[in-house]
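Protein sequences, first through last, are from chains A and B. Going by the working numbering, the final residue of the first sequence carries number 164, and the count climbs one at a time with no gaps. Going by the working numbering, the final residue of the second sequence carries number 734, and the count climbs one at a time with no gaps. Below: the structure, in structure tokens.
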Amino acid sequence: MNINTTKIISLLFFIFSAFYLYTAYQIQVFAFDENAPFNARTFPIYLGYAGLFFSGLKVVLPEPNTIKVDHKNLEYKKTGILIVIAIIYGATILKVGYFLTTSLFLFSSYYFLGERRWVLMFLLSFPFVAAFMYLLHGILDIYLRDPFLQSIGVMG
Amino acid sequence: MIEGILIGLTTALTLQNILMVMVGCFFGTIIGMLPGLGPMTAIALMIPITYGFDPATGLILMAGVYYGAVFGGSTSSILLNAPGVPGTVATSFDGYPMAQQGKAGKALAIAAWSSFAGGTLSAIYLLFMAPSLSKVSLSFRSPDYFALMILGLTAIAAFSSKGQFLKAMMMVVLGLMLASVGQDSLSDITRFTFNNMNLTDGISFVLVVMATFAMSEALTIILKRNDPTSAAKQVSLTELGSIKINKEERSKMYKTIPRSSIIGFLIGVLPGAGATIASFLAYGMERNVVNDEEKEKFGKGSVNGLSAPETANNAACSGSFVPMLTLGIPGSGTTAVMLGALLGFGVQPGPRLYMTNPEIFWSIIMSMYIGMVILLILNLPLIPYIARILAVPKNYLIPLILFFSVTGIYVMSFNNFDIYLMIGIAVVATFLRLYDFPMPPLILAFVLGGLMEENLRRSLLLSNGSWEFLWDRALTACILLTTILIVIWHVYKTMFKKTNN
């Protein structure tokens with residue numbers, strides 16, 4: 009049996025399905041529901057077995073077309089940086105507010121992707137987010153909490 | 234009925250109501266293009282405004298928003314692979330590859346004409362069949378719905394190319410697993426939340442779509458930036474191409490549109506089914522009926538593959554009004570919001586609606602057609618401008634896609650946990666996409682998960698735990714038989730071709 013990445017993913021999915029199935033059996037149901045034809049754990053149990061079945065087949069059966077990914081040509085660094093920026097965005101948005109975090113998120117993303125036209129980068133971050141925020145908050149009446157704008161008195 | 238149509242026309246063609254349809258279509262298109270803000274949000278935002286009008290005008294405005302949002306969703310699906318509306322996920326399968334080949338203008342034009350044709354045909358079906366269809370939709374029971382969901386999931390065979398069947402099935406199971414997170418709908422028992430309050434309500438559909446399509450697409454583009462095989466694709470993304478549809482493409486659409494509109498309309502009529510399932514089923518059916526040469530093009534920019542879901546989702550929008558107006562049962566989440574608005578107007582939908590409020594019933598039906606015409610007039614000339622989005626350089630476009638994805642999720646819940654969850658799902662999806670694990674089956678399964686469990690629960694409880702419900706009713710048995718035949722046909726074809734090769 010030839011081991012390739014697809015089979016490793018299938019094996020991981022098999023382990024995940026086994027964990028899912030174990031967790032499904034642990035779902036607490038009401039005492040009167042325990043022997044009912046259908047309770048909160050019935051469907052997840054079927055799903056767990058289905059996951060084991062399909063991923064098991066994928067692991068065991070021969071692979072007709074092996075996918076080869078050339079990792080040397082993949083931009084892991086830039087992709088990783090963008091993901092980290094998005095995580096930082098998630099961590100700060102509630103404390104700092106929508107306007108500043110979103111603008112900085114956009115500005116830093118442009119920068120790390122190699123953009124150096126500063127004026128355009130600025131226009132497509134701060135004023136762009138301000139306009140978008142006006143559309144959401146001002147026109148569509150969707151409340152956006154923003155401690156930063158509140159602290160400088162722009163937002164009530 | 235003629236009298237009813239005349240009443241409807243008189244109401245729908247007043248200056249105020251035409252204006253309402255125009256405003257609704259335009260507003261809906263803009264909202265539909267913004268990922269995360271679908272027709273449901275748009276209509277919900279409209280409710281306070283509509284209370285200032287009479288019920289017919291209010292509903293006409295909301296119907297315009299509905300159509301506009303569905304079309305707007307197609308636009309972002311085609312241009313950014315970021316479906317703004319669940320019903321347009323299937324549109325991105327062939328619309329986005331077409332845009333990548335420098336045919337964005339054509340893809341948008343095909344989408345606009347297919348939407349128009351689907352909407353027009355379904356408005357005609359609705360006009361003549363609404364009363365009798367309400368009886369048909371009432372005859373569907375839980376086992377039939379469960380069988381229909383299984384049939385919907387076998388449509389994954391259409392999404393998986395050769396040798397991909399097991400991968401597609403794994404994605405189906407993963408989608409169903411994701412849908413099972415949160416409170417059980419009947420007992421309120423929490424499942425797979427690991428004591429995290431943020432997961433109690435389950436994972437939002439928009440979050441999963443944004444993560445697996447928009448965000449993972451953006452990450453994949455960055456990841457493969459230096460990959461020589463994907464470089465050509467990225468260059469062609471800046472091209473708009475002609476918006477003219479040639480004779481060959483038109484002849485393909487002439488065949489696709491009628492059959493997809495029928496599927497879309499019939500699925501839309503079933504309470505709880507809606508545009509998403511309709512578009513997936515139409516896509517799957519279309520792939521099964523076209524010749525082998527055309528089948529190879531599916532997922533790579535097929536005209537049939539784009540036209541079918543676009544026709545079906547608009548046809549389903551009209552169809553979903555049937556159970557809402559005639560039975561008081563919403564056919565989709567969006568019509569559920571409209572039903573709430575209707576009740577707010579003091580109008581009780583049901584079989585007697587034609588008699589008690591004929592002007593409402595018929596004016597909505599007539600305004601649907603007017604809405605379609607206006608949508609086409611508004612959107613076709615705007616295509617070159619809308620498609621300019623593609624001319625935005627990658628260094629700007631990628632962060633903007635990420636911005637719309639993250640903002641769309643944040644605006645829905647104002648919770649940063651959803652942002653983390655989306656990033657997590659997007660990273661996994663990007664990795665899976667690298668190894669050709671298809672995402673559409675995951676999305677379809679996620680949509681069907683809740684409904685499937687609900688209908689299986691009812692069926693098993695009614696049959697006292699026996700699986701006989703699968704063949705007790707002729708309708709259920711027929712649907713399941715169709716499913717089995719489709720699977721056998723696919724397996725046979727794969728094996729037969731293998732032997733030939």
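Where a beta carbon is used, it is the ideal one built from N, C-alpha and C, also for glycine.
(1) What does the alpha-carbon distance come out to for the pair T262 of chain B and T387 of chain B?
(2) Can you tell me whether F193 of chain B is buried or exposed? The criterion is at least 16 other CB atoms within 10 Å of its CB, across all chains shown.
(3) If you measure from the beta carbon of I23 of chain A to each beta carbon in chain B, is any gap under 7 Å?
(4) Go ahead and pull the three-state DSSP assignment for Q249 of chain B.
(5) Against chain B, does S111 of chain A count as a neighbour if the rule is that its beta carbon must be under 7 Å from one of theirs?
(6) Given a limit of 7 Å on CB to CB distance, which residues of the region 681-710 of chain B reach chain A?
(7) Between the alpha carbons of L443 of chain B and L132 of chain A, how many angstroms are there, rounded?
(8) Note down the Cα distance separating H723 of chain B from N524 of chain B, rounded to an integer number of angstroms.
(9) Please report whether the beta-carbon of R458 of chain B lies at a distance below 7 Å from any beta-carbon of chain A.
(10) What separation, rounded to the nearest whole angstrom, lies between the Cα atoms of D764 of chain B and I95 of chain A?
(11) Give a yes or no on whether 7 Å exceeds the smallest Cβ distance from F304 of chain B to chain A.
(12) Give the secondary structure of G56 of chain A by DSSP, where H, G and I count as helix, E and B as strand, and everything else as coil.
(13) Going by other Cβ atoms of all chains shown within 10 Å of its Cβ, with 16 needed for buried, is I495 of chain B buried or exposed?
(14) Kindly indicate the opening and closing residues of the alpha helix (DSSP H) around T31 of chain A.
(15) Decide if I597 of chain B is buried, meaning its Cβ has at least 16 other Cβ atoms within 10 Å, or exposed.
(16) Any beta carbon from chain B within less than 7 Å of V92 of chain A's own beta carbon?
(17) Taking the alpha carbon of L739 of chain B as the point to measure from, which residue in B:I238, B:N648, B:I293 and B:I721 has its own alpha carbon closest?
(18) Can you find the residues in the same chain that come closer than 6 Å, C-beta to C-beta, to A48 of chain A, ignoring five residues on each side of it along the sequence?
(19) With a cut-off of 7 Å, does the C-beta of Y653 of chain B fall near any C-beta of chain A?
(20) For Q36 of chain A, return the contacting residues in chain B, with the cut-off set at a CB-CB distance below 7 Å.
(21) Can you confirm whether F636 of chain B, when its beta carbon is compared against all beta carbons of chain A, has any partner nearer than 7 Å?
(22) Do N590 of chain B and L102 of chain A have their beta-carbon atoms positioned less than 7 Å apart in this structure?
(23) Just how far apart, CA to CA, sit F446 of chain B and A315 of chain B?
(24) In chain A, which residues lie with their C-beta within 7 Å of the C-beta of V644 of chain B?
(25) Between the region 319-336 of chain B and the region 506-523 of chain B, can you find at least three pairs of beta-carbon atoms closer than 8 Å?
(26) Should N688 of chain B go down as buried or exposed, given a rule of 16 or more other Cβ atoms within 10 Å for buried?
(27) Return the residue from the list B:A340, B:L360, B:E526 and B:A549 that minimises the CA-CA distance to L503 of chain B.
(28) I want to see whether chain B comes within less than 7 Å of N81 of chain A, judged by CB atoms only; does it?
(29) Going by the beta-carbon positions, is the gap between M266 of chain B and S310 of chain B smaller than 7 Å?
(30) Mind checking E701 of chain B: buried by the 16 CB within 10 Å criterion, or exposed?
(31) May I have the straight-line CA-CA distance separating V104 of chain A from D154 of chain A, to the nearest angstrom?
(32) Taking buried to mean at least 16 other C-beta atoms within 10 Å of its own C-beta, is Y378 of chain B buried or exposed?
(33) Listing by chain order, which chain A residues have their CB less than 7 Å from the CB of S413 of chain B?
(34) Please look up how many angstroms separate the CB atoms of S347 of chain B and E543 of chain B, rounded, as I've assumed it's under 8 Å.
(35) Do N250 of chain B and T283 of chain B have their C-beta atoms closer together than 7 Å?
(36) With 7 Å set as the bound, which would you pick, yes or no: does the beta-carbon of N590 of chain B sit closer than that to a beta-carbon of chain A?
The answer reads as follows:
(1) Taking the first residue of the second sequence as 1, we reach residue 262 of chain B at position 29. Taking the first residue of the second sequence as 1, we reach residue 387 of chain B at position 154. Looking at the two C-alpha atoms, the distance is approximately 32 Å.
(2) Residue 193 of chain B is absent from the structure shown; chain B starts at 234 and stops at 734.
(3) Residue numbering aside, residue 23 of chain A sits at position 15 when the first sequence is read from its first letter. Output row for I23 of chain A: interface = no.
(4) Locating residue 249 of chain B in the second sequence gives position 16, counting from the first residue. Q249 of chain B sits in a helix when the DSSP states are folded into three classes.
(5) Here residue 111 of chain A refers to the residue found at position 103 when the first sequence is read from its first residue. False, the Cβ-Cβ gap to chain B never drops below 7 Å.
(6) Contacts with chain A (Cβ-Cβ distance below 7 Å) from the region 681-710 of chain B involve E686, L689, R690, L693, L694, N697 and G698, listed in chain order.
(7) In the second sequence, the residue the question calls residue 443 of chain B occupies position 210. In the first sequence, the residue the question calls residue 132 of chain A occupies position 124. First, the residue type needs correcting, since residue 443 of chain B is Met and not Leu in the sequence shown. Looking at the two C-alpha atoms, the distance is approximately 22 Å.
(8) Reading the second sequence from its first residue, position 490 is the one you call residue 723 of chain B. Reading the second sequence from its first residue, position 291 is the one you call residue 524 of chain B. So the two alpha carbons sit approximately 14 Å from each other.
(9) Within the second sequence, the letter at position 225 stands for residue 458 of chain B. Yes, its Cβ sits closer than 7 Å to a Cβ of chain A.
(10) This structure gives no information on residue 764 of chain B, because the portion of chain B shown stretches from 234 to 734.
(11) Position 71 of the second sequence, counted from the first residue, corresponds to residue 304 of chain B. Answer no: the Cβ-Cβ gap between F304 of chain B and chain A never drops below 7 Å.
(12) Residue 56 of chain A sits at position 48 when you count from the first residue of the first sequence. G56 of chain A: helix per DSSP, three-state reduction.
(13) As a working note, residue 495 of chain B is residue 262 in the second sequence. Looking at its Cβ environment, which holds 16 or more other Cβ atoms inside 10 Å, I495 of chain B is buried.
(14) On the first sequence, residue 31 of chain A is found 23 positions in, with the first residue counted as 1. Element bounds for T31 of chain A: T13 to Q34.
(15) The residue given as residue 597 of chain B occupies position 364 in the second sequence. Burial call: buried.
(16) As a working mapping, residue 92 of chain A is identified with position 84 in the first sequence. No, V92 of chain A does not count as interfacial toward chain B.
(17) The structure shown has nothing for residue 739 of chain B, since chain B only spans 234 to 734.
(18) Taking the first sequence and counting its residues from 1, the one referred to as residue 48 of chain A is at position 40. So the qualifying residues of the chain are I35 and V37.
(19) Residue 653 of chain B sits at position 420 when you count from the first residue of the second sequence. True, the Cβ-Cβ gap to chain A drops below 7 Å.
(20) The count along the first sequence starts at 1 and reaches residue 36 of chain A at position 28. From the beta-carbon of Q36 of chain A, the residues of chain B found nearer than 7 Å are I422.
(21) Within the second sequence, residue 636 of chain B is the residue found at index 403, counting from 1. Yes, because at least one Cβ of chain A sits closer than 7 Å to the Cβ of F636 of chain B.
(22) Walking along the first sequence from the start, residue 102 of chain A turns up at place 94. Walking along the second sequence from the start, residue 590 of chain B turns up at place 357. No, they are not a contact pair.
(23) Position 213 of the second sequence, counted from the start, is the residue given in the question as residue 446 of chain B. Position 82 of the second sequence, counted from the start, is the residue given in the question as residue 315 of chain B. Cα to Cα, F446 of chain B sits roughly 6 Å from A315 of chain B.
(24) For the purposes of this step, residue 644 of chain B is identified with residue 411 of the second sequence, where counting begins at 1. Annotation: Cβ neighbours of V644 of chain B in chain A (cutoff 7 Å, chain order): L144 and I150.
(25) Three or more pairs of CB atoms, one per stretch, sit closer than 8 Å, so the region 506-523 of chain B contacts the region 319-336 of chain B.
(26) Counting from 1 along the second sequence, the entry for residue 688 of chain B is found at position 455. Result: buried.
(27) By 1-based counting over the second sequence, the position of residue 503 of chain B is 270. Closest by C-alpha distance to L503 of chain B, out of B:A340, B:L360, B:E526 and B:A549, is B:A549.
(28) Position 73 of the first sequence, counting from 1, holds the residue named residue 81 of chain A. Yes, contact with chain B.
(29) Here residue 266 of chain B refers to the residue found at position 33 when the second sequence is read from its first residue. Here residue 310 of chain B refers to the residue found at position 77 when the second sequence is read from its first residue. Contact: no.
(30) On the second sequence, residue 701 of chain B is found 468 positions in, with the first residue counted as 1. Exposed.
(31) As a position in the first sequence, residue 104 of chain A is number 96, starting the count at 1. As a position in the first sequence, residue 154 of chain A is number 146, starting the count at 1. In a straight line, the C-alpha of V104 of chain A is about 7 Å away from that of D154 of chain A.
(32) What you label residue 378 of chain B is simply residue 145 of the second sequence in a count that begins at 1. Y378 of chain B is buried by the Cβ-count criterion.
(33) Taking the first residue of the second sequence as position 1, residue 413 of chain B is located at position 180. Within chain A, the residues whose beta carbon sits less than 7 Å from that of S413 of chain B are F51, P52 and L55, listed in sequence order.
(34) Residue mapping note: residue 347 of chain B aligns to position 114 of the second sequence, counting from 1. Residue mapping note: residue 543 of chain B aligns to position 310 of the second sequence, counting from 1. The pair is a contact, with the Cβ atoms about 4 Å apart (cut-off 8 Å).
(35) Counting from one through the second sequence, the residue named residue 250 of chain B turns up at place 17. Counting from one through the second sequence, the residue named residue 283 of chain B turns up at place 50. No, the pair does not count as a contact, with Cβ atoms beyond the cut-off.
(36) Start at 1 with the first residue of the second sequence, and residue 590 of chain B comes out as number 357. No, because no Cβ of chain A sits closer than 7 Å to the Cβ of N590 of chain B.
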